[in-house]
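Some notes on the structure that comes next.
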Amino acid sequence: MFRSAILASPSSLDQRIAPARIEPETFRALGHELVERLADFMAALPDRSVKPRQSAQDIQSWLAEAAFPETASPAQQVLGQACDLLCSHAVSTSHPRFWAYVMGAASPMGMFADFLAAAVSAPATSYATSGLTVAMEAQTIQWMARLIGYPSGGGGLFVSGGSVANLVALRLALHAVLGADVRAVGLADPEASQLCLYATEDAHSSIDAAAEVSGLGTQRIRRIRLDAAGRMDVTDLQQKIRADKTTGKTPLMVVATAGTTSLGAVDPLRDIARICRDEQVWFHVDGAYGGFAALSPDAPDDIHGLQEADSVTIDPHKWLYMPADIGCVLTRDPKLLLDTFRQGAPYYAENDEQALLGGPERLQFRDLGLQTTRAFRALKVRLGLQLVGRSGYRQMITDDIRLARKLHEIAGSHPELEAFTHHLSITTFRYRPANSVSGTAEGEARLDRLNHAILDELHRCGIAYPSHTTVRGKFALRVCIVNFNTSLADLEDLVRHVTDIGRAVSRDLA
């Protein structure tokens, strides 16, 4: 009875109807149309607004037009509507005048790689399931280490971004200091209550998040002073470590930064490495932004101290210009990754520790981090590196640094601008009318309001998209160039618009 009912069904299993399936000819036509439209979008990008004008009401109106989909719709209609909406109204980090936060322009090869990886749908979880993709990722991890000068023979994996990479690094440090028991008892052991982590106020917020998620807690973070250049004060670091030891505490980890998010400063990594060796403390470098600057002759010499770290975070979706999301964590000790994260279950193939040191024939990436099901993120990094090579990245990163330096020079010589800082590819400055009064509380407050208004107007008009920060208590415009589409002409346009808007706003505030 039940069998006959199933066979009589309109969607019988011997002739299955799958609404998600798109026939090859339709797939080919959709792909051609999408690529044509995206090529037009990228060609027109420099001439469009960085941030298309839209209100919260506009966005809600567009969403309201999309009723919950109870039934199917034609593929061309679904894809076409999404393409119309995004190409007309979304902010693109690939725009030549997008300089906010640390969001890299997306390389076309990275786009193709994401599409290819998704279309093939090969997992990157274990060699037993998909040996080719796992072997390719393992090799690409070694390429990442070689690219930044990190020692060969280490290990690592690709993750969603720097936040997860920093969390992985903290778990490695906890396992290295507390041993395997930390996996069973967590931080309940009395010894764990004495652990301390060291970082500056300018360390990325993901360090605090990692302390929270791991159970360590942010109260265990010792804040190290900054020097006049915005870098970790190594004297203060050493004093705090030694003071903690004398009171029975256990220094767990020092988090140094290669390229702070706010200013782009690079901590004195070699000096910090020496202190960590002497004091036997895990040394982690958050190089999510600045790690790849090790390629450039224009980067500060301190950047090469990351080669001495126990673990390093780098973000290909920042300065390798990969589409988000992709981060990477590297460590000197590949076996520690396995000891920290390996999971056993009857449905898992057994990992082989020798695979970490030799071939990847029994390597399970699910045992080296937090994720089990993993996208083949490594492909876009691999193809991007094969396309341009080390030399190509060296050139593009150096160009970004030099453009930021040029902006700092222009601001410094302009009678209506005040240049603050330049580190790596980040420059900070502000508009200051020639007749303005600075240095007093009232004068500084007025300049803060003025520059805030300038930033808002730049965003509102879609002229450019810098962000802001605070430098020595002063509101500053912040330009971070991780964008191979940016030219000197774009920066000269920015200066002209900042001064034009500044003059107009100054009159309004007078």
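For the sequence shown, position 113 (counting from the first letter as 1) is numbered 113 according to UniProt numbering, and the numbering increases by one without interruption. We put the beta carbon where it would ideally sit given N, CA and C, even for glycine.
Cα separation between glycine 131 and leucine 170?
Here residue 131 refers to the residue found at position 131 of the sequence shown. Here residue 170 refers to the residue found at position 170 of the sequence shown. Roughly 29 Å separates the two Cα atoms.
Can you tell me whether isoleucine 326 is helix, strand or coil according to DSSP?
Locating residue 326 in the sequence shown gives position 326, where the first residue counts as 1. DSSP places isoleucine 326 in coil when its eight states are reduced to three.
Determine the extent of the beta strand (DSSP E) in which valine 479 is found, giving its start and end residues.
Position 479 of the sequence shown, counting from 1, holds the residue named residue 479. Taken as a continuous stretch (DSSP letters only), the beta strand (DSSP E) holding valine 479 covers 474 to 480.
Taking 7 Å as the cut-off, is the beta-carbon of alanine 504 closer than that to any non-hydrogen atom of the ligand NAP?
As for the ligand NAP, it is missing from this structure, which has no ligand bound.
Taking Cβ positions, are alanine 378 and threonine 93 nearer each other than 8 Å?
Along the sequence shown, one-based indexing puts residue 378 at 378. Along the sequence shown, one-based indexing puts residue 93 at 93. No, the Cβ-Cβ distance between alanine 378 and threonine 93 is not below 8 Å.
Cysteine 276 versus valine 234: straight-line alpha-carbon distance, rounded
Translated into positions along the sequence shown, residue 276 becomes position 276. Translated into positions along the sequence shown, residue 234 becomes position 234. Taking the straight line joining both Cα atoms gives about 11 Å.
Between the Cα of glutamate 23 and those of Ala324, Pro74, Ala43, Glu65, spot the shortest distance and give me the residue it belongs to.
The residue you call residue 23 lines up with position 23 of the sequence shown. Of the candidates Ala324, Pro74, Ala43, Glu65, the one whose C-alpha sits nearest the C-alpha of glutamate 23 is Pro74.
Less than 8 Å between the C-beta atoms of valine 482 and aspartate 400, yes or no?
Numbered from 1 along the sequence shown, position 482 holds the residue referred to as residue 482. Numbered from 1 along the sequence shown, position 400 holds the residue referred to as residue 400. Yes, these two residues count as a Cβ contact at 8 Å.
Measure the CB-CB distance between proline 52 and glycine 443 and report whether it falls below 8 Å.
Counted from its first residue, the sequence shown places residue 52 at position 52. Counted from its first residue, the sequence shown places residue 443 at position 443. For proline 52 and glycine 443, no; Cβs fall outside 8 Å.
For tyrosine 431, three-class secondary structure by DSSP
Locating residue 431 in the sequence shown gives position 431, counting from the first residue. Correct three-state label for tyrosine 431: strand.
Aspartate 286 bridges to which residues according to DSSP?
Position 286 of the sequence shown holds residue 286. Beta-bridge pairing links aspartate 286 to Thr257, Thr313.
Looking at the strands, I want to know which residues DSSP matches up with glutamate 418.
Taking the sequence shown and counting its residues from 1, the one referred to as residue 418 is at position 418. DSSP lists Arg430 as the bridge partner or partners of glutamate 418.
Threshold first: 4 residues or longer. Then list the alpha helix (DSSP H) segments lying entirely within the segment 59 to 143, N to C.
Runs of the alpha helix (DSSP H) inside the segment 59 to 143: 75 to 89, 108 to 120.
Can you round the beta-carbon distance between alanine 165 and threonine 340 to whole angstroms, since I take them to be within the 8 Å contact cut?
If you number the sequence shown from 1, residue 165 lands on position 165. If you number the sequence shown from 1, residue 340 lands on position 340. So it is not a contact: roughly 14 Å between Cβ atoms.
Once the 5 residues before and after alanine 67 are set aside, which same chain residues still bring their CB inside 7 Å of it?
Here residue 67 refers to the residue found at position 67 of the sequence shown. There are no such residues.
How long is the line joining the alpha carbons of histidine 459 and glycine 502, rounded to whole angstroms?
Position 459 of the sequence shown, counting from 1, holds the residue named residue 459. Position 502 of the sequence shown, counting from 1, holds the residue named residue 502. Going from the Cα of histidine 459 to the Cα of glycine 502 covers about 14 Å.
So, with DSSP's three-state summary, where would you put phenylalanine 365?
Indexing the sequence shown from 1 puts residue 365 at position 365. Helix.
Give the straight-line distance between the Cα atoms of glutamine 54 and phenylalanine 158, rounded to the nearest whole angstrom.
Within the sequence shown, numbered from 1, the residue matching residue 54 stands at position 54. Within the sequence shown, numbered from 1, the residue matching residue 158 stands at position 158. Distance between the alpha carbons of glutamine 54 and phenylalanine 158: 36 Å.
Just tell me which of Leu337, Thr247, Gly264 has its CA closest to the CA of arginine 183.
Reading the sequence shown from its first residue, position 183 is the one you call residue 183. Answer by Cα proximity: Leu337.
Taking only the alpha-carbon atoms, compute the straight-line gap between serine 61 and aspartate 508 and give it to the nearest angstrom.
Mapped onto the sequence shown, residue 61 falls at position 61. Mapped onto the sequence shown, residue 508 falls at position 508. Taking the straight line from one Cα to the other gives about 33 Å.
Taking all protein chains shown into account, decide if valine 120 is buried (16 or more other Cβ within 10 angstroms of its Cβ) or exposed.
The residue labelled residue 120 in the question sits at position 120 within the sequence shown. Valine 120 comes out exposed.
C-alpha gap between leucine 237 and alanine 20, whole angstroms:
Position 237 of the sequence shown holds residue 237. Position 20 of the sequence shown holds residue 20. Approximately 57 Å, taken between the alpha carbons.
Nearest residue (CA-CA) to alanine 434, options Leu30, His422, Ser425, Leu447
Walking along the sequence shown from the start, residue 434 turns up at place 434. Measuring from the Cα of alanine 434, the nearest candidate turns out to be Leu447.
With DSSP run on the structure shown, which of helix, strand or coil describes phenylalanine 484?
Residue 484 sits at position 484 when you count from the first residue of the sequence shown. Looking at phenylalanine 484 - three-state DSSP - the assignment turns out to be coil, as it is neither helix nor strand.
Assuming tryptophan 282 contacts valine 177 (C-beta within less than 8 Å), just tell me the rounded distance between them.
As a position in the sequence shown, residue 282 is number 282, starting the count at 1. As a position in the sequence shown, residue 177 is number 177, starting the count at 1. Their Cβ separation, rounded to whole angstroms, is 7 Å, which keeps tryptophan 282 and valine 177 in contact under 8 Å.
Pairing CB atoms from the segment 400 to 410 with CB atoms from the segment 463 to 477, are three or more of them under 8 Å?
no
So, with DSSP's three-state summary, where would you put histidine 468?
The sequence position of residue 468 within the sequence shown is 468, counting from 1. It is a strand residue.
What separation, rounded to the nearest whole angstrom, lies between the Cα atoms of arginine 146 and serine 152?
For the purposes of this step, residue 146 is taken as residue 146 along the sequence shown, with counting starting at 1. For the purposes of this step, residue 152 is taken as residue 152 along the sequence shown, with counting starting at 1. Approximately 7 Å between the Cα atoms of the pair.
Grab me the residues of leucine 34's own chain with a C-beta within less than 7 Å of its C-beta, minus the 5 sequence neighbours each way, in chain order.
Numbered from its first residue, the sequence shown carries residue 34 at position 34. Correct list, in chain order: Leu79, Cys83.
Starting from isoleucine 224, follow the beta strand (DSSP E) in both directions and report where the run begins and ends.
If you number the sequence shown from 1, residue 224 lands on position 224. Boundaries of the beta strand (DSSP E) around isoleucine 224: 221 to 224.
Measuring straight from C-alpha to C-alpha, what distance separates glycine 366 and leucine 116?
Locating residue 366 in the sequence shown gives position 366, counting from the first residue. Locating residue 116 in the sequence shown gives position 116, counting from the first residue. Residue identity check: residue 366 is arginine in the sequence provided, not glycine. C-alpha separation (whole angstroms): 22 Å.
Decide if aspartate 286 is buried, meaning its Cβ has at least 16 other Cβ atoms within 10 Å, or exposed.
The count along the sequence shown starts at 1 and reaches residue 286 at position 286. Burial call: buried.
In the DSSP output, which residue or residues are listed as bridge partners for alanine 43?
Taking the first residue of the sequence shown as 1, we reach residue 43 at position 43. None; alanine 43 has no bridge partner.
Report yes if the C-beta distance between glutamate 279 and proline 300 is below 8 Å; otherwise report no.
The residue labelled residue 279 in the question sits at position 279 within the sequence shown. The residue labelled residue 300 in the question sits at position 300 within the sequence shown. Not closer than 8 Å, so no.
Between leucine 477 and alanine 188, what straight-line distance do the alpha-carbon atoms span, to the nearest angstrom?
Within the sequence shown, the letter at position 477 stands for residue 477. Within the sequence shown, the letter at position 188 stands for residue 188. Looking at the two C-alpha atoms, the distance is approximately 45 Å.
Does the distance from the CB of alanine 211 to the CB of isoleucine 221 come in under 8 Å?
Taking the sequence shown and counting its residues from 1, the one referred to as residue 211 is at position 211. Taking the sequence shown and counting its residues from 1, the one referred to as residue 221 is at position 221. Cβ distance < 8 Å, so alanine 211 and isoleucine 221 count as in contact.
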